[in-house]
Every structure is written in structure tokens, then in C-alpha cells.
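One gets the numbering used here by counting positions in the first sequence from 1 and adding 42 to each.
Where is the CB? At the ideal position from N, CA and C, for every residue including glycine.
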Amino acid sequence: MYREYLAKTTELLREATGLEDVLITDGGDHADVASTAAFALAKQEKKNPALIAKDIVEKISANPKSAGIEVSCKGPYINFVFGADYVAESVAAARKETYGQLPEKTEKVIIEHTSANPNGPLHVGHIRNTVIGDTLVRVFRKAGYPVEAQYYLNDMGRQIAIVAWGVKNLHYEREEGEKGDEFIVRHYVEANKIAKEKPEIEPEFDLMMEKIEAGDEETVKLFHDSVDICAEGIKETLASMNVHHDRFVRETTFLWDGSMAEVLGRIEKMPDTQFDGKMMYLDLSKQGFGNRYVLRRSNGTSVYAARDLAFHLWKNTQCDRSIDVLGADHKLIGSQLQTTLSLIGERPPEIVNFEFVSLPEGSMTTRGGVFITADELIAETKKRALEEVTVRRPELSAEEREKIANAVAVGAVRYDIVKVSAEKSTVFDWKEALDFERQSAPYAQYAHARACSILEKAKEEGGFAECYEFSDSYEIALAKHIAQFPYVIEKVVVELRPHLLATYVRDLADLFNSFYRFDPVLKAEGKVRDARLTLVDACRNTLHQALDVLGIEALESM
RNA sequence: GGACAUGUAGCCAAGUCAGGAUAUGGCAUCAGCCUCCUAAGCUGAAGAUCUAGGGUUCGAAUCCCUACAUGUCCGCCA
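Spelled out as C-alpha cells, the structure:
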């Protein structure tokens, strides 16, 4: 109901002040929402802002449309407190299974994320992309958009040539139970090592790149087999994190179907396109870029940037809105891509950038074999979770404990990543990753499990009647936060900042835990008991829906 | 050298885009709470002149300028 009441308040303020922007802010401790419009009017009318605020409050109070909203002022601040109807309606809405789902839209969205080179396992840097991307996919779906999640699979670049060279020349045996990505990365690391020691093999990589470009059958098979083995392992990792892509798009597609040549043909005619033999680049200095945006090599072969242009043109034919999740190292090339697409009159993608994750000893590199894999991180977190659940719930079967530990581990990993805003670079810290206290997924999962447990017991005791009469401050604070969930979904979609959702869930769990501590539910009597049980159910469902959107399992018991 | 991002308590973050009320949390520290719905919990204490210096404003963590620090990028790699 928050969105509705916010709109209503805005309307009331507009009518009372004549302002278009009514300067609504969060009310903090004072109110549900507040307005600082009196300051703005004070300047215009050269009057004391406190007096203006008083006038506005009187005007709004006299307006019959303000029923259910208590308006007051404290000095120049105009405060709005939403009343009992708001609380009741909000709690009722939150009990519906689809709570938070916004009206269906027709605008189709493609979100591309992860898209790591298939030369090794996903590491803790890559999965920041994955978690941000998958959370966005889930939020957009919750917000009513048809969404396709895509993984752009590099199946022909230099890194892949190095992998393919390794597969062709090293003849490694795949170990029993070894994942495809683990198997492939051994080749990649070793081939890089050899290339460093013997630079004379470099031309072999170049030759392979020329061959794949030309569509040489044997080379294509070698590349694609290597990529597929690795991708199979990557998919397993993604699945273990509750991440699913609707489509894997191969980079070679755009080379072979002629679409890359077509877009290069369009760019050839642009005034700022420069040539140096066969080599072609775009001079983007007018747009503020200092370097050459190379689109064709002097030997005539294609570059990543050119294939990427074709890929994005294709995506544009498939959707109304295209969003890419890219790491800090792709910032420059991302904005060059956007600029170039705009120059040729095409819609550029929206780009969500995130900063790097490094290790305390420095940055991670697949090439150097310096990284913590996502699999290791999850396994380690799961081990820790299993210890914890074994101590807490010794009576549970091994199977149940395993299931809980897994959900806790995946949740903890995802939450730790999504809770930090994307523009912040971070240093991976085991201690923090394995901390299951307050600002973590298990904290929210635990609140959910507590709510489930209360409802389960209530059921055993004969159930309860719906009741929406709340008077206690813990009840009202919780209900009012529950009311904001759809607003948060909308905000994340508009701002493309999934960490807001993590903050929301944490606050919701906080409020529930305080309520749990101070307001006995099952021991209360009559209407109070009914109302509290109704509220617990609303909170349970809101936590469940919010955790779903974060890709975290809402455990019923832990 | 240039571009982009970041700088908030011992540590890690929120708040910054759309300037307003005593700057919000967590970890660590200290003091409490399990005869009471799961203590992965709750309560309290202590801890910040929001990197520094200018400016705009009635009002700045938030906007502008400068400096410093950190990260990333600046390849006929992806």
C-alpha cells in the first residue's frame, strides 16, 4: 500500500502548495513520509517556513481526501503518518501468495550477465556479475516484465585459442569426477605458462584464430568441444547458485551469419572511420575517448568489439530493453559500444557496471591460476553451515541437515555479494563470508523459519481468525515495513540497484525479530493473538517473496 | 600522463544520483537476557568534526572546484 499512499500524499501536497515537485523525503522516526516544501515556498513568498508549513497542514487536513493520513508539522517540516486503514490494508495485501508482483508489462527485457570466458571455473570475481545479474532478472520478473537471461559465450577469441591449443597439444586425462571447467582450466594455465617460456609458439595461436575465423571444420570442432566442456562445468556452478540462463549465445554466430560484416559495412561509411590498410578503426575523440576503437585487424580478421556490435543489434531485434552486467574492466569498451550504436542510429544497451573483487594478496587471474572458485566458496560455506546446524539441531536427520546447510550456504554467498552496492570495489574476506550473523542471508532465513514455526504451532492449536487491528508499536513498525516491499521492487527496476533489496530484507528481519522478542504471539489472547498471527503470516510471506527475488531459499526450519 | 569509480568509527557497509530534523547498521570490544513462540536471536554501553581544503545555500556526508589516497581501464586481447 506504500506506493498508493505515497501517490496520494504527493497529490495532496500538490493541491495544497501548487508545486509540481513537492519535495517528499523519508519521514525517519517522525513520520511515514515528510515534505520540505515549506522551505522552497519560504524563499518564493519571503515568509517564515514554519508558518507556511502550518498553513499547508491546515489546508491538507481540511481536504476530505486526506482521510486516513494524519498530517502535522514540526517547525518547517510537514509530516504524514499513515493510519490504521493503511496498516490493515498493507497486512492483508502481504498475505497474498503473489505479494510484490507488479502489473504485467509487455516491454520485453534481455538481461545479459556472467558471460565469463569459458577458459576455467567461475571465481569469486565472476559471481559478483552472476549474483547482480540474476537478482536483476528475478526483480524484473517480479515487476511484471517478460525477461530473457542470456550468457554470451566467447567461443572464438584468443583466450579460447589458448585453451584449444592446450587441448590439442597437452593430452591431459580428465580425472574421475572432475568438472569440465576444472579440466579445461588446467590446459589454459599450462598453455599460458608454456607461451611465456617459449614465445615462439604465439604464432600457433594466431594461426588457430585465423582458421576459426575462416570456419575451418577441424578447428571449429576443437574450439567448440573445448568451450562446451568448460561451459558444462560453469552451468553446474550456476545451477548450484540457483542461477539459470534462458539462452547461451555463441559469439561465432555473428561472424558466420554475416551480421558482423553488415554492421562493419555501415560503420565504414561513417565520417570518423579511419583506415590503415585493411585495418579499420573508429575515431571517437569527439565523444571524449582517447584511444582507437579498432573494428578490423590489418590481417582482415575480426575483433571482439565488432562481433559485440552485431550481437547487440541482434539483441535489439529481440527485445525492447537490453541490459548488460559488466565488470569495471569493461567500462571503457562498454561506453564505446554504447556510443557507436548511438552514432549509427541504434539503441544502445543499458549497462550495469560493478567494481572488482580482489583477494587480500591482490587481484584474481584465471591465467595465473590465482583465484578462489565459486565452487570452493560454496563448499567451504556449506561445511561451516553444516557444523552450525549439527550443533543447533542434532535431532534432525543427516539428510535434513544437509539440505539446510546447502540453502544456508548458497544464500550466504549470494547475500554477501548482493548486499554491497555495485560501484564499490571489495576485498574478499573468508571471515566475513562465513559469518552467519545479522547482516547475512541466514539471519533473514532464520526470521522466516521462526515465523513458520509459530504458524505451525498455531495450526496445531486450532488455527486463528484473520484480524487486522494493530495497536502495539512493534506490530505497526513491522507492518509498515512490510507495506514497502512492492515499492522496493519498483525502485530496484528503475535504479538497477539490487542491493536495495538486500537492505530491505535485512531491515524486515530486524523488525520481525524485535517484534518476536517483545510481543508474544501464541500466548496472547483473543483479537491480539489473531492480529499477531495474521501479521506473522504477512511477514512470513513477505520474507519468502523477498528471499525468492534474491535467489535465496526461504527455509521453513533451520 | 589521461579517463572512470571509490574515500563515512579499529574493521566492513547504508545514506550521496532527486541537499533538510540528533549521520543508519553490522563485525570486533564491554555489560546484560534462554523455568518464556528456534539464542543463526534480543537489549544496553562505548566508538564518526562523513579523506583534506575552498565554494554554492537559510541548510552540505549529499551539489561545484582543487588536492591527496585506493581500485580499474587506456592492446590490431576479450
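Its Cα nearest to that of Lys466, the residue Ala370 stands out among Ala370, Leu93, Ile518 and Ala440.
Counting every other CB atom within 10 Å of its CB across the protein chains shown gives Met312 a total below 16, marking it as exposed. Within the stretch 500-555, the complete alpha helix (DSSP H) runs of at least 4 residues fall at 515-524 and 527-537.
Judged by pairs of C-beta atoms under 8 Å, the stretch 155-173 touches the stretch 277-296, as three or more such pairs exist. According to the DSSP assignment, Ala76 belongs to the beta strand (DSSP E) that extends over Val75 to Ser77. One Cα belongs to Ile386, the other to Val534, and the distance between them is close to 30 Å. Within the same chain, Cβ atoms closer than 6 Å to the Cβ of Gln526 are found at Tyr44, the five residues on either side in sequence being excluded. Runs of the beta strand (DSSP E) spanning 3 or more residues and lying entirely within the stretch 109-178 occur at 111-116, 119-124 and 151-154, in chain order.
Under DSSP, no beta-bridge partner is assigned to Glu246. Counting only residues of its own chain and dropping the five nearest sequence neighbours on each side, Val231 has a CB closer than 6 Å to the CB of Gly411.
For Gln192, the enclosing beta strand (DSSP E) starts and ends at Val189 to Leu195. Phe296 has its alpha-carbon roughly 6 Å from the corresponding atom of Phe353. In the DSSP assignment, Val291 falls within the unbroken beta strand (DSSP E) covering Arg289 to Arg292.
When rounded, the separation of the alpha-carbon atoms in Glu46 and Asp299 is 49 Å. Take Ile446, set aside five residues on each side of it, and the residues of its chain with a beta-carbon closer than 8 Å to its own are Ala427, Val431, Arg435, Leu438, Leu597, Ser599 and Met600, in chain order. Counting C-beta pairs closer than 8 Å gives fewer than three between the stretch 470-487 and the stretch 91-104, which falls short of the contact rule. Ile365 sits close to Val394, with the two beta carbons spaced by under 8 Å. In the three-state scheme derived from DSSP, where H, G and I count as helix and E and B as strand, Gln316 is classed as strand.
At least 8 Å separates the beta-carbon of Ala84 from that of Phe122. Gly162 has its alpha-carbon roughly 49 Å from the corresponding atom of Gly69. Remark: C-beta atoms of Ala464 and Thr423 do not approach each other more closely than 8 Å. Note on geometry: alpha-carbon atoms of Tyr128 and Ala519 lie some 12 Å from one another. Beta-bridge pairing by DSSP links Leu324 to Thr315 and Tyr335.
Around the CB of Glu403, fewer than 16 other CB atoms lie within 10 Å, so the residue is classed as exposed. At a Cβ-Cβ threshold of 8 Å, Met322 and Glu310 count as neighbours. For Ser364, the enclosing beta strand (DSSP E) covers residues Arg363 to Gly369.
One thing to note: Ile120 has its Cβ within 8 Å of the Cβ of Ile98.
About 17 Å separates the beta carbons of Pro160 and Leu212, which is beyond the 8 Å limit, so they are not a contact pair.
In this structure, the straight-line span from the alpha carbon of Gly167 to that of Ser400 is close to 7 Å.
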